[in-house]
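Going from the sequence shown to our numbering is simple: count from 1 and add 3.
Everything below concerns the one structure shown next.
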Amino acid sequence: MSQKEMAERSGLSLGSLKRFENFGKLSEDSLLRRMNLLGRLNEFDNLLLLKGNPDDVKKLFTE
Numbered sequence: 004m005s006q007k008e009m010a011e012r013s014g015l016s017l018g019s020l021k022r023f024e025n026f027g028k029l030s031e032d033s034l035l036r037r038m039n040l041l042g043r044l045n046e047f048d049n050l051l052l053l054k055g056n057p058d059d060v061k062k063l064f065t066e
């Protein structure tokens, strides 16, 4: 999926999407929209159950 298509389908601006991909900065609303578009919104359930190690959060989104 192209950046333009992802932006249009998720309701994000192309600039917001590029900023996220380049710098990792995204509003909470934009993050939720993108996760929903990718069919990964349910992963926040696992995130909310984590306790302790912040590296565990990183693993959720890189595996």
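The beta-carbon is built from N, C-alpha and C at its ideal position, and this holds for glycine as well.
- In its chain, beyond the 5 residues on either side, F23 have a beta carbon closer than 6 Å to the beta carbon of L29.
- Counting along the chain, R37 sits inside the alpha helix (DSSP H) bounded by residues E31 to L40.
- The continuous alpha helix (DSSP H) containing N49 extends over residues E46 to L52.
- Your pair S13 and R36 checks out as a contact, with CB atoms roughly 5 Å apart and the cut at 8 Å.
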